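Heads up, the thing below is written out as structure tokens.
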Amino acid sequence: MNPTNCKYTKDHEWARIEGKIAIIGISEFASKQLGDVVFVDVPQVGTELVKGKTLGVVESVKTVSDIFAPLSGKVIERNAALEGEPAKVNEDPFGSGWMIKIELSDPGEVSDLMDVKEYEEHCAHSEH
Amino acid sequence: MANYLPNTPEEVKQMLATIGVPDIEELFREIPASMRLNRPLDLPEGLSEAETAQKLQDLSEQNFGADELSCFIGAGIYDHRIPLVLNHLLLRGDFFTAYTPYQAEIAQGTLQAIYEYQSLMCELTGMDIANASMYEGATAFAEAANMALVHTNRKKLVVLETVHPEYRAVTEGLVRHLGVDVVTLQVEDGVIDATRVAEAVDGNTAAVMLQYPNFFGCLEDVAAICAIAKKAGALSIVSTYPVALGILTPPGEFGADIVTGEGQSLGIPMGFGGPSLGFMAVRDPLMRKIPGRISGCTLDNRGQRGFVLTLQAREQHIRREKASSNICSNQALMALNATIYMALLGREGMREVASHSMQKAHHLKKELSKLTGVQIPFSAPFFNEFVIQVPNAAKVLKKLESEGILGGFLLETFYPRFKNHILVAVTEKRTIEEMDLYKHLLGGLSA
Amino acid sequence: MKILEPLLFELSVDGRRGYTLPKLDIPESDPADLLPATYIRKELKLPSISEIDCVRHFTRLSRLNYCVDVGFYPLGSCTMKYNPKINEDMARLPGFANLHPYQSEGTVQGALALMHFLEHAICEITGMDACTLQPAAGAHGELTGLMIIKAYHDRKRNKTKTKILIPDAGHGTNPASAALCGYQVVSLHTDARGGVDLNDLRAHLAPDVAGLMLTNPNTLGLFDENIEEIARLVHSVDGLLYYDGANLNAIMGWTRPGDMGFDVVHVNLHKTFSTPHGGGGPGSGPVGVKKHLAEFLPSPKVTFDGKKFKIVRKCKGSIGPVRSFLGSFGVLVRAWTYIVSLGGAGLKDVSSHAVLNANYMMRRLQKRYALPYDRHCKHEFVLSGKPFAEKGVKTLDIAKRLLDEGFHAPTIYFPLIVEEAIMIEPTETESKRTMDEFIEVMLRIADEAVNTPEKLKAAPIKTPVGRLDEATAARKPDLNYFKGRGSPPGNASV
Chain A
6 MNPTNCKYTK DHEWARIEGK IAIIGISEFA SKQLGDVVFV DVPQVGTELV
56 KGKTLGVVES VKTVSDIFAP LSGKVIERNA ALEGEPAKVN EDPFGSGWMI
106 KIELSDPGEV SDLMDVKEYE EHCAHSEH
Chain B
365 MANYLPNTPE EVKQMLATIG VPDIEELFRE IPASMRLNRP LDLPEGLSEA
415 ETAQKLQDLS EQNFGADELS CFIGAGIYDH RIPLVLNHLL LRGDFFTAYT
465 PYQAEIAQGT LQAIYEYQSL MCELTGMDIA NASMYEGATA FAEAANMALV
515 HTNRKKLVVL ETVHPEYRAV TEGLVRHLGV DVVTLQVEDG VIDATRVAEA
565 VDGNTAAVML QYPNFFGCLE DVAAICAIAK KAGALSIVST YPVALGILTP
615 PGEFGADIVT GEGQSLGIPM GFGGPSLGFM AVRDPLMRKI PGRISGCTLD
665 NRGQRGFVLT LQAREQHIRR EKASSNICSN QALMALNATI YMALLGREGM
715 REVASHSMQK AHHLKKELSK LTGVQIPFSA PFFNEFVIQV PNAAKVLKKL
765 ESEGILGGFL LETFYPRFKN HILVAVTEKR TIEEMDLYKH LLGGLSA
Chain C
194 MKILEPLLFE LSVDGRRGYT LPKLDIPESD PADLLPATYI RKELKLPSIS
244 EIDCVRHFTR LSRLNYCVDV GFYPLGSCTM KYNPKINEDM ARLPGFANLH
294 PYQSEGTVQG ALALMHFLEH AICEITGMDA CTLQPAAGAH GELTGLMIIK
344 AYHDRKRNKT KTKILIPDAG HGTNPASAAL CGYQVVSLHT DARGGVDLND
394 LRAHLAPDVA GLMLTNPNTL GLFDENIEEI ARLVHSVDGL LYYDGANLNA
444 IMGWTRPGDM GFDVVHVNLH KTFSTPHGGG GPGSGPVGVK KHLAEFLPSP
494 KVTFDGKKFK IVRKCKGSIG PVRSFLGSFG VLVRAWTYIV SLGGAGLKDV
544 SSHAVLNANY MMRRLQKRYA LPYDRHCKHE FVLSGKPFAE KGVKTLDIAK
594 RLLDEGFHAP TIYFPLIVEE AIMIEPTETE SKRTMDEFIE VMLRIADEAV
644 NTPEKLKAAP IKTPVGRLDE ATAARKPDLN YFKGRGSPPG NASV
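Residue numbers (our numbering), protein chains in the order written: chain A, 6 to 133; chain B, 365 to 811; chain C, 194 to 687.
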């Protein structure tokens with residue numbers, strides 16, 4: 006189930022907004038498409054992200070996929086646990102499989118993202 | 365005409381009937397007439413096995429190799445002894461006619477051998493992770509430069525002139541298109557002083573690139589140079605000669621970040637320079653940046669230990685234009701060759717080959733330095749290769765050749781300022797008689 | 194944990210030896226007297242193994258492998274033909290195997306002659322004017338070819354050339370090589386007949402196009418009939434046409450890349466010219482070019498003045514060396530032996546039979562497998578395992594089931610544009626009987642996919658190992674015995 010308190014992109018990233026902070030990860034749909042995630046590469050704390058630009062990559066056994074920044078801002082925390090246990094992205098994509106926290110530079114961008122209903126329609130369309 | 369096409373005319377007829385075409389020609393009809401080759405290929409007629417073998421034999425006999433001449437040439441390729449057992453194992457069709465081990469269930473032989481190879485190369489070089497092989501020494505070195513540029517996101521390479529000139533040229537050729545500044549430091553006494561490296565390295569330097577033992581056979585201050593690179597946030601890339609590491613401190617212990625090299629010395633015939641074996645080994649943090657195939661240990665669904673190609677997302681067949689390299693085919697069979705060689709020689713044998721080569725080289729250098737007219741230009745410590753200076757070096761080499769000795773490599777081929785300098789290599793294979801003859805002949809020519 | 198064969202390190206016993214050197218025949222000296230102490234290694238943890246243990250270890254390992262000498266490899270794009278034994282004998286002739294690359298020209302005339310003959314043969318087969326034998330593999334040939342293309346545009350001081358066009362069906366090495374050469378990669382669509390979508394090509398045609406990389410026949414095994422128009426279009430913006438020779442086995446003696454309008458071509462000696470794959474290499478990827486690009490070929494070059502063969506190191510205009518020395522000479526000897534054996538007419542027969550075999554298999558297999566592009570194929574064809582998806586069967590399962598039947602799997606999931614792709618290339622060296630056996634098994638597997646899909650999911654069961662845990666291998670990499678001890682995570686017993 007896609008949480009209702011998250012916003013989504015068409016590339017299957019999610020962002021949970023808490024004031025000026027956003028927590029970012031990839032959706033369950035994306036983690037299923039990828040299969041067993043084996044490695045997650047996210048930027049160092051302090052990196053400035055630009056909405057829509059590549060922020061890192063997620064690797065599964067047989068494929069690799071770019072992760073795009075859903076919003077602009079500065080990285081303030083990365084999920085260090087993913088280094089040792091990338092499987093968390095498959096097991097709990099919206100919880101312990103989160104990737105980074107950023108401090109938003111333009112909170113207005115949030116309105117560009119999809120809500121859960123729009124996102125689920127988008128997924129249904131991608132799956133055909 | 366060879367017997368490689370098994371189907372009989374009758375079978376061909378049956379197959380055409382199944383397809384529903386009158387003849388083979390029909391299957392090529394979509395090739396536009398304007399681009400059809402309307403004549404036979406202009407190549408000689410095919411030959412029987414015996415005739416083919418004779419033709420190749422005749423060609424091979426126009427060459428005079430190290431089986432007939434005593435080889436004192438090194439410069440990257442060395443005439444070491446090769447255990448006879450090796451070829452018997454290597455020629456097993458199960459190894460040499462196998463495909464790349466993508467179907468791990470039916471390729472455990474190759475995959476386990478690669479894992480063993482990786483482990484042996486790590487131990488020999490003092491590194492954490494080795495890949496399954498690169499093409500040869502020069503491309504391995506160049507790919508390491510490329511890796512450093514990507515990893516550091518910097519645009520400058522500091523290269524020591526004491527690196528094999530062909531390796532440097534290949535590296536420059538690879539990075540030429542990427543707007544990279546390549547700074548080459550000139551050799552002094554057979555080596556390059558670390559303080560000069562420190563002057564050249566700055567915050568934009570992606571890597572410091574050196575060779576150990578270097579092209580002149582000398583030993584650089586690897587530890588100091590690696591430390592300089594590290595301090596500047598650059599990577600240190602060391603190209604090495606694996607046989608030498610039987611006795612020399614491994615580059616990894618000196619702090620190298622990437623170790624590459626030419627593995628021909630590990631039981632591979634000189635073969636006019638190829639196919640040989642490129643190798644690359646790195647430290648753990650570069651694990652997902654290293655190019656090429658890697659075999660990893662895991663379990664199968666029956667609880668057995670097994671091996672499988674892993675970290676494949678780095679590779680071109682998955683990442684396409686974002687891959688860490690374009691390498692696909694590597695030198696798997698040559699890596700197996702090196703693995704069998706190291707297994708046969710073992711700890712003691714590897715030490716002995718290195719030790720004998722070094723002792724013989726030092727012996728010959730001492731003997732040659734006694735001759736009138738022979739100068740020894742460099743005083744830096746060396747392994748099994750050294751430089752002599754003699755009048756009319758090109759003529760001297762020619763004369764030695766006519767007496768059955770390949771006397772060395774003329775340095776001015778690549779270093780015009782080193783006129784009449786000869787680079788002499790000595791392996792464990794050279795005998796006291798060959799060295800005495802070398803000294804005797806050179807004494808007559810140089811005086 | 195069950196172990197099929199111990200690792201070398203697990204076989205090691207201190208004091209054993211597998212090889213003995215002759216006694217040192219000069220007065221012995223202590224390494225410490227020859228080198229400063231800092232250069233002398235303190236520890237070397239290599240294994241110590243007896244000769245017989247070593248022979249058995251590698252023989253037992255070899256028996257865990259599948260290979261051409263054992264059976265059929267229907268691997269699309271890989272041209273896994275028979276590797277003639279005579280090639281190995283010729284490569285090991287002492288006059289070839291024992292040459293040092295820096296010997297004087299006078300002592301290596303036979304070797305240089307062989308290289309000269311092979312260059313000419315490759316030019317004749319591909320319709321090119323000049324050739325280099327340096328590149329060590331197909332991908333290395335691609336890189337070399339692209340560096341030549343770059344040199345051509347640089348010579349014309351054309352700085353606008355930044356893009357290389359590559360069809361979406363192309364080999365992964367194509368975009369990787371172009372990127373390594375500093376080019377931006379633009380992917381072109383495939384049309385309904387399986388060729389380059391001309392409209393898409395026209396849409397991307399601009400002055401910034403440096404070239405287009407193409408295989409023809411392409412990776413679907415189909416000959417692109419529009420090649421003349423493609424060549425005209427690319428040349429109209431001063432782009433160059435690059436031929437990926439991976440599929441040359443389909444057309445020898447019938448047509449030539451040079452006659453199709455290509456400017457640069459690489460060939461894979463380890464595919465078309467029968468040199469063995471060796472478990473992943475060595476390959477060799479000579480590059481041929483048309484006259485207007487000849488000066489850019491890598492140095493050093495082998496030349497012939499009518500009397501003597503020479504090695505020329507300084508070549509004006511050249512992109513310089515792309516590797517050390519002159520090439521993978523031993524592979525060149527094998528390829529030349531093959532060409533001498535077959536001759537010009539024999540090479541054409543090779544392609545005729547490769548294409549005949551592929552069409553025969555395609556027509557029989559399309560009865561149970563989907564055939565996305567239904568036209569005569571060349572040396573290979575692509576099926577789809579999609580019809581079995583509703584039973585939960587993937588192409589991977591079909592591939593694994595084949596292993597239990599004593600066959601290698603076809604190439605799967607490539608090209609990327611065909612869902613659940615199964616790519617089959619029989620090569621000319623397989624007999625009708627071998628192909629029939631394979632076809633029968635494939636048809637039976639199609640039945641199983643419908644009736645007993647669980648049998649496919651469980652496969653393989655007869656191979657030395659079952660399906661491997663690739664996720665753990667990549668998540669917790671054990672790549673080095675000295676760190677991982679060959680004891681994979683999840684294994685409690687060691």
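All C-beta atoms in this analysis are idealised placements derived from N, C-alpha and C, irrespective of residue type, glycine included.
Quick caveat, the model's predicted, so the values are computed rather than measured.
Of all the CB atoms in chain A, is at least one closer than 9 Å to the CB of residue i?
| i | result |
| --- | --- |
| residue 496 (chain B) | no |
| residue 206 (chain C) | no |
| residue 471 (chain B) | no |
| residue 518 (chain B) | no |
| residue 794 (chain B) | no |
| residue 647 (chain B) | no |
Leaving aside the five residues before and after residue i along the sequence, list all residues of the same chain whose C-beta is less than 8 Å from its C-beta, in chain order.
| i | result |
| --- | --- |
| residue 585 (chain C) | 646, 650 |
| residue 73 (chain A) | 14, 16, 18, 57, 58, 59, 60 |
| residue 110 (chain A) | 53, 77, 78, 79 |
| residue 421 (chain C) | 453, 454 |
| residue 332 (chain C) | 366, 369, 370, 478 |
Reducing DSSP to helix, strand and coil, say where residue i ends up.
| i | result |
| --- | --- |
| residue 584 (chain C) | helix |
| residue 529 (chain C) | helix |
| residue 327 (chain C) | coil |
| residue 378 (chain C) | strand |
| residue 273 (chain C) | coil |
| residue 206 (chain C) | coil |
| residue 685 (chain C) | With a pLDDT of 43 at residue 685 (chain C), under the threshold of 50, the modelled position of this residue cannot be trusted; read the value that follows with caution. Three-state result, residue 685 (chain C): coil. |
Report all residues from its chain with a CB closer than 7 Å to the CB of residue i; omit the five preceding and five following residues, and keep chain order.
| i | result |
| --- | --- |
| residue 486 (chain C) | 341, 345, 456, 457 |
| residue 127 (chain A) | 15, 119 |
| residue 742 (chain C) | What is shown of chain C runs 194 to 687, which leaves residue 742 (chain C) out entirely. |
| residue 526 (chain C) | 283, 284, 289, 307 |
For residue i, count neighbouring Cβ atoms within 10 angstroms of its own Cβ and tell me buried if that reaches 16, exposed if not.
| i | result |
| --- | --- |
| residue 686 (chain C) | Legend: pLDDT at residue 686 (chain C) = 40, less than 50; position of this residue unreliable, value from coordinates given subsequently. Residue 686 (chain C) comes out exposed. |
| residue 245 (chain C) | exposed |
| residue 613 (chain C) | buried |
| residue 408 (chain B) | exposed |
| residue 363 (chain B) | Beyond the ends of chain B as shown, which are 365 and 811, falls residue 363 (chain B); an answer cannot be given. |
| residue 367 (chain C) | buried |
| residue 452 (chain B) | exposed |
| residue 470 (chain C) | buried |
| residue 594 (chain C) | buried |
| residue 49 (chain A) | exposed |
So with Cβ pairs under 9 Å, would you call residue i a contact of chain C?
| i | result |
| --- | --- |
| residue 777 (chain B) | yes |
| residue 638 (chain B) | yes |
| residue 567 (chain B) | no |
| residue 625 (chain B) | no |
Looking at chain B, is there any beta carbon in it that lies within less than 9 Å of the beta carbon of residue i?
| i | result |
| --- | --- |
| residue 559 (chain C) | no |
Keeping to the same chain, check which residues put their C-beta closer than 6 Å to that of residue i; ignore five residues upstream and five downstream.
| i | result |
| --- | --- |
| residue 368 (chain B) | none |
| residue 524 (chain B) | 549, 556, 574 |
Quiz item: What residues in the region 725 to 743 of chain B bring their beta carbon closer than 8 Å to a beta carbon of chain C?
Solution: 726, 727
Quiz prompt | the region 662 to 683 of chain C: positions lying closer than 7 Å to chain A by Cβ | solution = 663, 664, 667, 668
Practice problem: Using a Cβ-Cβ cut-off of less than 9 Å, give me the residues of the region 42 to 70 of chain A that come near chain F, in sequence order. | Solution: Of the chains in the structure shown, none is chain F; the protein chains are A, B and C.
Exercise. Anything in the region 658 to 682 of chain B with a Cβ closer than 9 Å to a Cβ of chain A? List those residues in chain order, please.
Key: Against chain A - using a Cβ distance shorter than 9 Å - the residues of the region 658 to 682 of chain B are 674, 675, 676, 677, 678, 682.
Quiz item: Relative to chain C, which residues along the region 76 to 92 of chain A have a C-beta separation below 9 Å, given in chain order?
Solution: 89, 90, 91, 92
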